[in-house]
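Chemist: If you read the sequences in order, they're chains Z and F. Residue 2 is where the first sequence starts when you use the numbering used here, and the numbers rise one by one after that. Residue 21 is where the second sequence starts when you use the numbering used here, and the numbers rise one by one after that. Beta carbons are placed, not taken as given, at the ideal position from N, Cα and C, and that holds for glycine.
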Amino acid sequence: MAKSFNIITSGTGGQGLITLLQIIAEAALLEGFDVKTSELHGLSQRGGSVETHIRFGNKVYSPLVSLGSADLILSLEISEALKMLFYASPKTVFVINKNLISYPGGFEEKKLIQKIKNFGKGSKYIIPASEICQKELGKEVVSGIYLLSYAVHKNLIPLKPKSILKAVSKVVPEKYLDLNKKAFELAKK
Amino acid sequence: MKKQILLGNEAIVQGALEAGVDFVSTYPGTPASEIGNTFAKIAEKQGIYFEFSTNEKVALEAAIGASFSGLRCLVAMKNFGLNVASDALLPLCYTGIKGPMVIVVADDPSCWSSAQSEENSRAYAYLAHIPMLEPADAQEAKDFTKLAFEISEKFKLPVILRTTTRVAHQRMPVIVNSKFKIQNSKLKGKFVKDVKRFVTMPPRVLEMKEELLEKIEKIKEFAEQNKINKIENYLPAEARRAKAGKLGIIVSGVSYLYVKEALEKLELDLPILKLGFFYPLPEKKIKNFIKKLKKVLVIEELEPYLEKEIKILAKEINPKLEVLGKDILPQIGELKTEIIISAIGKLINKKIKNCLPAEVLLASGTKAGKFKIPVRFPRFCPGCPHTMVLTAIKKAAPKGTIFGGDIGCYMMAGLPPHELQDYLLCMGSSIGIAHGIGKSTNQKIIAFIGDSTFFHVGIPALVNVVFNKSNILIIVMDNLITAMTGHQPNPGEKIKIEDVARACGVKNIKVVDPINIKEMEETIKEFLEKEGVSVIVSRRICALLAKKQNK
Ligand SMILES: Cc1ncc(C[n+]2csc(CCOP(=O)(O)OP(=O)(O)O)c2C)c(N)n1
């Protein structure tokens, strides 16, 4: 890989973005890549907007994705996906949870989706992961794993599904492992 | 030796373990909190003494005691913590240490998790004459921690490891050594009396200052030789001239990563001097580096401390040198690769348009790129007891009441829809400032303070309002934990706030469960009418913690 692969994930505090970041980072290391990530802790986690940066490749210096250089934007919430547009290029691929956590002053779903679809030429996958996970597994919290699995199985991330699954086992606590693996399998279909 | 993905803060813990740390004390604060959280989990198994102290000053003092008894110590805090601890820090540099001591201080450029100021703790290096190292990434965070222990042990001074958010909360594969000795700290220490060394009093204190300055000179020599101050791409003169008109870069901390990234994108290999030491500076090495340059760009976040030092050195060795820094880089907010690309681009007259990837320009040029979407503010968690208090206050407090804010989750009282916060400065100040307002006006004042903040520095302020006869209502938002920084324990576990208030001489005290909104409302109304100092302890467990415990 000549150039590093740059991922931005976004959502709101408490959606499990840091676990997702750890899984991708571990999987990249398993495949022998250099990795750097950046995350934020503290008050932003109390339901506010959260974004994380994940970069892997032969050699990665900065932990931050530069403006306009994200290869993939993976978002667990629609408004939070739109907020990440300045990291996108016309080629950036979006994988978005069709899930709106509304807030005072926020926009309605249709308008948000339209704005995202109008941007650039990259593919946009808008998937009701929260709904599927709630319905099939009774737990919405694994929608991040679902989307990640979806993305690797569709080759939207240059990592093998096998490595992601291994990383899930390493990062997720024993207690929740089964649930997470189920979410991972569910997205294969 | 193997590679493991570690958070910057976890890498610091790993470095301390590899350096044989015995004694660790801390007070939580983002972005330093994971250091304490990690030690809390592993300390017992590793035979290390660990504590969450009441505040940063007592955390440092505890470590000073352990160091004087010969133990290897680490203290961790966020930038504001160093302000609190600084009264002990300065004389500590005079006495020096016995067991080595590393103090981790985490700054937060851009104030991602800091309400109070964009503090640049590097200034303490000058104030206290304390050696300070600045890692750029998680690997360096580990390596520099070990080096800091080595320097501390060798020169008998404490050493500050200064991180920033992008180092502390950065992950990368770090080479770790999992074979280190398990400590048994409690049995190891011995305090050997040495009045000449541990007592700072005139006239000895001025001798101590002289000894301190001598130590710093020796550390400067050490820094000259040490490889954490390193020069890269020092090409022969002709090659450099051809490339960029003799421009060099001096950089420290995480900005080094952005510089590497920027130079790669610009396809340039300008000479770089990367400084791992912030204080003392390897002056000879710097002079050598700038001797033949025409221009040097000093890249550092926030205030231009390095830039000023380098301007002085340039005067001696290369008076014609153009030293650039804050005239083309911002002094507010963190740096990033894009900012550095644009700054270097300007200096070498390379059109940025050609060196920035086209998509950047496209993204920022399109409508979507400029598209503004309203901010999503952080919120109180569902079932948060703080919101119950705020609901009661809205009903009970007469119009015009002044609301004194303090540091913790409850400062979200200032955000819509609550908007119950008329000032907010630093931990404990809700009470301290309420007192001054009370003495200056006859307006009604309610000061909010959290349980952890109450113990941290709230108690002296409480004593003051009683002693100097204030007329205020204090509501202690006791959610039985230090919530905002990630649920660390605090003295409230053993010491009841109402008992402290009583012992301080407060007459009107009531403990109320805020779920009883009516009772809270009535108590607020009743206490607002009373003369003197009143304290309501609003006690109910943090909803997030309750949820965690039930899992
Ligand atoms: C001197 C200093 N140390 C640490 C911090 C970081 N900090 C911010 S909020 C907070 C915790 C406050 O806990 P508490 O008062 O119990 O309120 P809660 O968050 O539980 O509501 C801390 C430690 C700080 N801002 N200043």
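Quick one: which chain F residues come within Cβ less than 8 Å of Ala82 of chain Z?
Modeler: The contacting residues do not exist; Ala82 of chain Z stays about 10 Å from chain F at best.
Chemist: At which residues does the alpha helix (DSSP H) containing Asn99 of chain F begin and terminate?
Modeler: It spans Asn99 to Thr115 - the alpha helix (DSSP H) in which Asn99 of chain F sits, taken as one unbroken run.
Chemist: Report yes if the CB atom of Asn491 of chain F is closer than 8 Å to the CB atom of Glu549 of chain F, and no otherwise.
Modeler: No.
Chemist: For the stretch 184 to 195 of chain F, which residues have a beta carbon sitting closer than 8 Å to at least one beta carbon of chain Z?
Modeler: Those would be Thr185, Arg186, His189, Gln190, Arg191, Met192 and Pro193, in chain order.
Chemist: Flag this pair as touching only if the stretch 208 to 226 of chain F and the stretch 61 to 68 of chain Z have three or more C-beta atom pairs under 8 Å; answer yes or no.
Modeler: They do not touch, by the three-pair rule.
Chemist: Within 8 Å (strictly less), CB to CB, does Tyr62 of chain Z reach chain F?
Modeler: For Tyr62 of chain Z, the answer is yes, since a Cβ of chain F falls inside 8 Å of its Cβ.
Chemist: For a test of your reading of the model: does the CB of His54 of chain Z fall under 7 Å from any non-hydrogen atom of ligand 1? Yes or no.
Modeler: No, Cβ of His54 of chain Z sits at least 7 Å from all heavy atoms of ligand 1.
Chemist: Anything in chain F within Cβ reach of Phe185 of chain Z, meaning under 8 Å, just list it in chain order.
Modeler: Near Phe185 of chain Z there are no residues of chain F at all, since even the closest Cβ is about 20 Å away, more than 8 Å.
Chemist: Using a Cβ cut-off of 8 Å (strictly closer), state whether Gln34 of chain F contacts chain Z.
Modeler: Answer no: the Cβ-Cβ gap between Gln34 of chain F and chain Z never drops below 8 Å.
Chemist: Between Asp471 of chain F and ligand 1, is there a pair consisting of the residue's CB and a ligand heavy atom that are separated by less than 7 Å?
Modeler: Yes; taking the cut-off as 7 Å, the Cβ of Asp471 of chain F has a heavy atom of ligand 1 nearer than that.
Chemist: Taking 8 Å as the CB-CB limit, is Pro120 of chain F close to chain Z?
Modeler: So no, Pro120 of chain F is outside the interface.
Chemist: Using CA coordinates, which residue listed in Z:Gly145, Z:Gly14, Z:Ile8 and Z:Val96 is at the minimum distance from Leu68 of chain Z?
Modeler: Nearest C-alpha to Leu68 of chain Z: Z:Ile8.
Chemist: Using 8 Å as the threshold, is the stretch 103 to 121 of chain Z in touch with the stretch 132 to 143 of chain Z, meaning 3 or more CB pairs across them?
Modeler: Contact fails: fewer than three Cβ-Cβ distances are below 8 Å.
Chemist: What are the residues that DSSP puts in a beta bridge with Pro193 of chain F?
Modeler: In DSSP, Pro193 of chain F forms a bridge with F:Ile25.
Chemist: Between Thr50 of chain F and chain Z, is there a C-beta pair that is closer than 8 Å?
Modeler: Yes, contact with chain Z.
Chemist: Give a yes or no on whether 8 Å exceeds the smallest Cβ distance from Val143 of chain Z to chain F.
Modeler: Not an interface residue.
Chemist: Could you check what DSSP says for Ala455 of chain F in three-state terms: helix, strand or coil?
Modeler: Note that residue 455 of chain F corresponds to His in the displayed sequence, not to Ala. Helix.
Chemist: Can you confirm whether Leu440 of chain F, when its beta carbon is compared against all beta carbons of chain Z, has any partner nearer than 8 Å?
Modeler: Chain Z, which has no Cβ nearer than 8 Å to the Cβ of Leu440 of chain F, makes this no.
Chemist: Evaluate contact between the stretch 48 to 58 of chain Z and the stretch 5 to 21 of chain Z, counting only Cβ atoms and requiring at least three cross-stretch pairs below 8 Å.
Modeler: Cβ pair count under 8 Å is three or more, so yes.
Chemist: Can you say whether Met21 of chain F is buried or exposed, counting buried as having 16 or more other CB atoms within 10 angstroms of its CB?
Modeler: So Met21 of chain F counts as exposed.
Chemist: For Ile337 of chain F, collect the residues of the same chain with a Cβ closer than 7 Å to its Cβ; drop the 5 residues on either side in sequence, then sort them by chain order.
Modeler: Correct list, in chain order: Lys307, Ile310 and Lys311.
Chemist: Can you give me the Cβ contacts of Val142 of chain Z inside the same chain, cut-off strictly under 7 Å, excluding the 5 residues immediately before and after it?
Modeler: If we look at Val142 of chain Z and ignore the five residues flanking it on each side, its Cβ neighbours are Gly17.
Chemist: Determine the DSSP secondary structure at Ser124 of chain Z, reduced to helix, strand or coil.
Modeler: Of the three classes helix, strand and coil, the one that applies to Ser124 of chain Z here is coil, per DSSP.
Chemist: Give me the DSSP bridge partner(s) of Leu286 of chain F.
Modeler: Answer by DSSP bridge pairing: none, since Leu286 of chain F is not bridged.
Chemist: From the DSSP secondary-structure annotation, give me the bridge partner or partners of Asp533 of chain F.
Modeler: The partner list for Asp533 of chain F (beta bridge, DSSP) is empty, contrary to what the question assumes.
Chemist: Which value, in whole angstroms, describes the spacing of the CA atoms of Gly146 of chain F and Gln24 of chain F?
Modeler: In the sequence as displayed, the identity of residue 146 of chain F is Tyr instead of Gly. Their Cα atoms are separated by approximately 36 Å.
Chemist: Going by DSSP, name the residue or residues bridged to Lys315 of chain F.
Modeler: The partner list for Lys315 of chain F (beta bridge, DSSP) reads F:Leu267 and F:Glu342.
Chemist: Would you kindly work out how many angstroms separate the C-alpha atoms of Leu95 of chain Z and Tyr126 of chain Z, rounded to a whole number?
Modeler: What sits at residue 95 of chain Z in the sequence shown is Phe, not Leu. Cα to Cα, Phe95 of chain Z sits roughly 6 Å from Tyr126 of chain Z.
Chemist: Taking Cβ-Cβ distances shorter than 7 Å, what residues in chain Z pair up with Glu358 of chain F?
Modeler: The contacting residues are Ser67 and Leu68.
Chemist: To which residues does DSSP link Thr1 of chain Z through a beta bridge?
Modeler: In this structure chain Z extends from 2 to 190, so residue 1 of chain Z is not present and cannot be described.
Chemist: Should His406 of chain F be listed as close to ligand 1, given that the test is whether its C-beta is under 7 Å from any heavy atom?
Modeler: The answer is yes for His406 of chain F.
Chemist: Against Leu30 of chain Z, what residues of chain F qualify as contacts under a CB-to-CB distance less than 8 Å, listed in chain order?
Modeler: Simply Lys23, Ile25 and Pro193.
Chemist: Should Thr115 of chain F be counted as a contact of ligand 1 given a C-beta to heavy atom distance under 7 Å?
Modeler: Every heavy atom of ligand 1 is 7 Å or more from the Cβ of Thr115 of chain F, so no.
Chemist: Is DSSP giving Glu252 of chain F helix, strand or coil here?
Modeler: Glu252 of chain F falls in the strand class under three-state DSSP.
Chemist: Measuring CA to CA, which of F:Leu564, F:Lys414 and F:Ala454 is closest to Thr502 of chain F?
Modeler: Of the candidates F:Leu564, F:Lys414 and F:Ala454, the one whose C-alpha sits nearest the C-alpha of Thr502 of chain F is F:Leu564.
Chemist: So, at 6 Å on beta carbons, what are the nonlocal neighbours of Lys601 of chain F in its own chain, with the 5 sequence-adjacent residues on each side left out?
Modeler: In the structure displayed, chain F extends from 21 to 571; residue 601 of chain F sits before or after that span and is not available.
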